[in-house]
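Engineer:
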Amino acid sequence: MHSADGHENEPLKIFYKKFPGHTKGSVFWNYEINTAGEDNSQRWDYSYPIWGYDFSVVGSDENTFPPEPEDGIALGEEFSYSVEIKEGMMHLTFTSDGHETKTFAKNLIVSDYAKRSNIPEQVKTLFVPIGQDGIERQNAYQGEGLFFKLGTYNQTNGKDPKVNKVWCSGAETHGGDLQKQYADGNYAEVWFKSANITIPDDAISNAGYFEANDGLSAKTVYPSEVIPFMNKFKILLGNGIKEENLVGYEHKDFFYTVIDGTRRWVVYKTPNSGITSKNSSNTRTELHEKREWTPEEGGKLTGTCKVMQVSVSGDARVAASYSTVVGQIHSGEGHENEPIKIFYKKFPGQTKGSVFWNYEINTAGDDNSGRWDFSTAVWGNDMSVIGKDKEDYPAEPTDGIELGEEFSYEINVYMGIMYLTFESEGHETKTFTKNLLISEYVSPSDIPDQVKRLFVPIGQNGTERAKAYGGELGYFKQGAYNQTNGKSPDTNRVWCAGAETYGGDITKQYENGCYTEVWFREATVGPGVPNK
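According to the working numbering, the sequence shown holds residues 4 to 535 in order.
Right, here's the structure in full:
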């Protein structure tokens with residue numbers, strides 16, 4: 004186990020060690036102190052034997068080995084370990100057939116070694132002679148980002164033991180020739196038959212560590228490796244490119260992965276102006292489900308995401324300005340309207356934004372120009388909260404969501420009923436229900452006051468067909484559907500944002516914050532299920 008913060012020390016290393024000529028070796032674990040102060044050169048390990056010896060048992064000279072441990076583990080002999088961190092305590096269990104099961108507990112947030120008088124005798128024997136005699140900060144590893152590592156971390160190297168009698172082995176390396184080292188036994192090899200890891204959903208660490216040390220940021224990991232359902236979707240990118248096969252596909256400007264601490268995310272990025280779909284004025288980098296289904300047949304889409312950017316340019320009087328859609332259901336028949344769009348919107352200069360969802364009526368008759376959305380707030384405001392002039396922003400929502408703050412949604416359509424669930428740590432979980440088979444808006448008297456304020460003034464005052472979306476094929480969409488565009492607000496004060504587009508130059512839009520970017524770490528799609 005390794006820290007990604009501070010000194011980047013190691014609260015746990017599990018070792019296997021066997022001297023040449025012995026049949027049995029030792030299994031032990033080391034705790035490395037999280038050194039107090041800025042100078043980490045005085046760090047040291049304290050070692051605990053499991054089977055056989057601890058780390059401190061060494062030979063009296065270069066070719067004299069200590070006795071073989073009676074209760075040791077032979078090469079090729081199986082053993083297991085588990086590491087559980089709970090409420091600051093590290094719990095270790097070691098098992099092997101024919102050997103006593105061993106358990107240990109170590110406090111990772113209160114140090115045993117905060118005073119020089121606490122330095123163990125083992126450390127005084129092994130580390131103090133080489134100048135490693137530090138003390139630990141009182142709260143040990145509290146508050147630091149930790150991550151597990153598993154595999155083979157060879158502790159034998161070719162460095163001169165005169166430099167350091169603990170870590171410099173003086174081993175044969177054949178000048179770094181791997182094949183020669185493999186040919187004459189100068190290597191380590193470990194086999195694992197099973198392993199599993201469970202971490203909290205909110206666990207992240209320091210991405211800078213991985214970029215500097217493990218090179219993970221340079222490795223190409225495709226979105227389909229992070230969210231495996233990509234074979235069920237196609238995509239439209241912000242530059243108009245359409246791609247049907249998303250397995251092993253990425254586009255570095257619009258659709259790719261990043262590592263944030265210990266977790267990979269799929270990035271959806273799109274400018275204010277690019278090439279749009281036939282029915283929209285807005286760009287998108289958005290998945291389009293290949294399957295189509297009716298509300299009666301049902302479907303379910305989930306997503307865990309964080310919005311990293313919305314356009315900094317727009318018009319505060321326009322409801323769609325500064326917003327993006329992160330998930331929706333789209334009808335594939337009739338008017339091709341949208342029974343749900345999930346929005347994130349944040350005004351410039353504010354820290355918190357709003358999450359809300361809109362229901363668009365399935366307009367009665369053949370004329371769809373009177374269609375409108377009814378907006379429901381999840382956290383923060385609904386879509387109808389706008390400014391009085393172009394740069395007059397309403398008050399920041401106290402219960403809003405910040406850029407970079409995670410939230411999850413579930414759209415579950417079962418037997419014609421749409422069940423919605425929204426969750427975010429530190430915020431109240433919100434649930435909603437909407438009937439997609441029976442309309443609430445079949446007569447002009449049913450039009451909500453919100454719609455009368457927002458849509459009726461621009462001539463959108465239609466009614467909905469009685470059976471709403473009943474019998475119509477639809478599909479899920481997920482990603483970043485930018486709602487901020489460059490069209491004049493004089494045309495439409497709901498959807499035409501008047502944002503800066505730099506003549507469609509995508510690079511300039513990205514450089515100046517005129518784009519939207521949404522990250523997803525988890526998402527699923529499948530059939531609808533009974534509501535819990």
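Where a beta carbon is used, it is the ideal one built from N, C-alpha and C, also for glycine.
On a predicted model such as this, the values are computed, not experimentally measured, just so you know.
Classify L249 as buried or exposed, calling it buried when 16 or more other Cβ atoms lie within 10 Å of its own Cβ.
Structural biologist: Its Cβ being crowded by 16 or more others within 10 Å, L249 is buried.
Engineer: What's the call for H291, buried or exposed, on a 16-neighbour Cβ count within 10 Å?
Structural biologist: The residue in question, H291, is buried, as its Cβ has 16 or more Cβ neighbours within 10 Å.
Engineer: Can you tell me where the beta strand (DSSP E) holding S284 begins and where it ends?
Structural biologist: Taken as a continuous stretch (DSSP letters only), S284 belongs to no beta strand (DSSP E), as it is neither H nor E.
Engineer: Which of helix, strand or coil does DSSP assign to Y252?
Structural biologist: In this structure, Y252 counts as coil in the three-state DSSP scheme.
Engineer: My output table needs one value for F377: the three-state DSSP class, helix, strand or coil.
Structural biologist: Correct three-state label for F377: strand.
Engineer: Report buried or exposed for I200, applying the criterion of at least 16 other Cβ atoms within 10 angstroms of its Cβ.
Structural biologist: Exposed, because fewer than 16 other Cβ atoms sit within 10 Å of the Cβ of I200.
Engineer: Would you mind stating whether V528 and K303 have Cβ atoms separated by less than 8 Å?
Structural biologist: For V528 and K303, yes; Cβs fall inside 8 Å.
Engineer: Just mark A469 as buried or exposed, buried being the case when its beta carbon has 16 or more other beta carbons within 10 Å.
Structural biologist: So A469 ends up on the exposed side.
Engineer: Quick one, which of Q145, I332, A323 and Y325 has its alpha-carbon nearest E295's?
Structural biologist: The option with the nearest alpha carbon to E295 is I332.
Engineer: Count the other CB atoms within 10 Å of the CB of E475; is the residue buried (16 or more) or exposed (fewer)?
Structural biologist: So E475 ends up on the buried side.
Engineer: In whole angstroms, what is the alpha-carbon distance linking Y56 and E81?
Structural biologist: Their backbone Cα atoms lie some 18 Å apart in a straight line.
Engineer: What are the boundary residues of the beta strand (DSSP E) that includes Q453?
Structural biologist: Counting along the chain, Q453 falls outside any beta strand (DSSP E), though it belongs to the alpha helix (DSSP H) covering D452 to L457.
Engineer: Consult DSSP for Y325 and reduce its assignment to one of helix, strand or coil.
Structural biologist: The answer is coil: DSSP assigns Y325 none of H, G, I, E or B.
Engineer: Unbroken beta strand (DSSP E) runs of length 3 or more, entirely within the segment 493 to 523: which are they?
Structural biologist: Correct list: empty.
Engineer: Starting from the Cα of E11, find the closest Cα among F151, A108 and E336 and give me that residue.
Structural biologist: When each option's Cα is compared against that of E11, the closest is F151.
Engineer: Does the Cβ-Cβ distance between T504 and S227 come in under 8 Å?
Structural biologist: Against a cut-off of 8 Å, the Cβ pair of S227 and T504 comes out as no contact.
Engineer: Note down the Cα distance separating G306 from V269, rounded to an integer number of angstroms.
Structural biologist: Approximately 11 Å between the Cα atoms of the pair.
Engineer: Hey, A483 and A323 are a contact pair by Cβ (cut 8 Å); roughly how many whole angstroms apart?
Structural biologist: In fact, because the Cβ distance is near 14 Å, the residues do not count as touching under 8 Å.
Engineer: Would you say the segment 385 to 405 touches the segment 331 to 351, given that touching needs at least three Cβ pairs under 8 Å?
Structural biologist: The answer is yes - the segment 331 to 351 touches the segment 385 to 405, with three or more Cβ pairs under 8 Å.
Engineer: Please report how far the alpha carbon of E399 lies from the alpha carbon of W382, in whole angstroms.
Structural biologist: Approximately 12 Å between the Cα atoms of the pair.
Engineer: In this structure, what does DSSP give as the bridge partners for K20?
Structural biologist: The partner list for K20 (beta bridge, DSSP) reads S29.
Engineer: Just how far apart, CA to CA, sit D370 and V459?
Structural biologist: Straight-line Cα distance between these residues: approximately 16 Å.
Engineer: When you compare the CB positions of Y513 and S314, do they come within less than 8 Å of one another, or not?
Structural biologist: Result no, Cβ atoms of Y513 and S314 do not sit closer than 8 Å.
Engineer: Going by C-alpha distance, which of Y271, Y49, N485 and F425 is nearest W522?
Structural biologist: Of the candidates Y271, Y49, N485 and F425, the one whose C-alpha sits nearest the C-alpha of W522 is Y271.
Engineer: Chain B beta carbons: is any one of them nearer than 8 Å to that of Y396?
Structural biologist: Chain labels in this structure do not include chain B; a single protein chain is all it has.
Engineer: If F377 and V454 are in contact, beta carbons under 8 Å, what's the gap, nearest whole angstrom?
Structural biologist: About 6 Å; that satisfies the 8 Å criterion.
Engineer: So, does the segment 166 to 185 touch the segment 66 to 86, judging by three or more C-beta pairs under 8 Å?
Structural biologist: Segments in contact, no.
Engineer: Using a Cβ distance threshold of 8 Å, determine whether the segment 131 to 147 contacts the segment 36 to 47, with at least three qualifying pairs required.
Structural biologist: Short answer: they touch.
Engineer: Nearest to K535 by CA position, among W47, Y422 and F195, is which residue?
Structural biologist: Residue Y422 is the option with its Cα nearest to K535.
Engineer: Does Q486 come out as helix, strand or coil in the three-state DSSP assignment?
Structural biologist: Q486 falls in the coil class under three-state DSSP.
Engineer: Can you list, in chain order, the residues of its chain whose CB lies under 6 Å from that of T159, leaving out five sequence neighbours each side?
Structural biologist: Taken in chain order, the residues that qualify are S172 and A174.
Engineer: How many angstroms separate the CA atom of I238 from the CA atom of S326?
Structural biologist: Going by the C-alpha atoms only, they are around 20 Å apart.
Engineer: For the alpha helix (DSSP H) that contains H436, what are its first and last residues?
Structural biologist: Per the sequence shown, residue 436 should be read as Thr rather than His. Where T436 is concerned, there is no enclosing alpha helix (DSSP H), although the beta strand (DSSP E) it sits in stretches over K433 to N438.
Engineer: Report all residues from its chain with a CB closer than 6 Å to the CB of E520; omit the five preceding and five following residues, and keep chain order.
Structural biologist: If we look at E520 and ignore the five residues flanking it on each side, its Cβ neighbours are K272, M311 and Q312.
Engineer: Which residue from S83, N157 and R46 puts its Cα closest to that of S197?
Structural biologist: Checked all of S83, N157 and R46; the closest Cα to S197 is S83.
Engineer: Is Q184 helix, strand or coil by DSSP?
Structural biologist: Here Q184 sits in helix by DSSP.
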